[in-house]
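Peer 1: The structure is given below, and queries will be raised subsequently.
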Amino acid sequence: MGKNLLWEIGTEELPARFIIPALESLKILAEKKLKESLLNFEEIKTAGTLRRLTLFVKNLIRKTRRNRRRNSWSFSKNRN
211 MGKNLLWEIG TEELPARFII PALESLKILA EKKLKESLLN FEEIKTAGTL RRLTLFVKNL
271 IRKTRRNRRR NSWSFSKNRN
């Protein structure tokens, strides 16, 4: 069972028209970075006001998924 993560970003007052695009970008980037880091989570939510953006990650697992990779090396004639 994971833990919840709440990240709050305080800002100067943002124009209202920037809030929704900023929250959408925050969610997309957070999801991308968590997946790149092989971290499991259940859900990501965002919320915001003119002075605060928040990111909530539900059930974030601290340990990364096991990533099994097979490595293979080939050698050229010159490198043996």
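So the sequence shown is numbered by the numbering used here: it starts at 211 and just counts up by one. The beta carbon of each residue, even a glycine, is placed where N, CA and C say it ideally should be.
(1) Considering only their Cβ atoms, is the gap separating residue 240 from residue 254 smaller than 7 Å?
(2) Specify, as a first and last residue, the run of the beta strand (DSSP E) that residue 262 falls within.
(3) Taking the beta carbon of residue 259 as the centre, do at least 16 other beta carbons fall within 10 Å, making it buried, or is it exposed?
(4) Tell me which residue opens and which closes the beta strand (DSSP E) that residue 218 is part of.
(5) Please return the same chain residues whose Cβ sits closer than 6 Å to the Cβ of residue 256, not counting the five positions on each side in sequence.
(6) Should residue 263 go down as buried or exposed, given a rule of 16 or more other Cβ atoms within 10 Å for buried?
(7) Sorted by chain position, which residues of the same chain lie with C-beta nearer than 7 Å to residue 261's C-beta, five sequence neighbours on each side aside?
Peer 2: For this structure:
(1) yes
(2) 262 to 270
(3) exposed
(4) 213 to 220
(5) 233, 236, 237, 265
(6) buried
(7) 220, 221, 223
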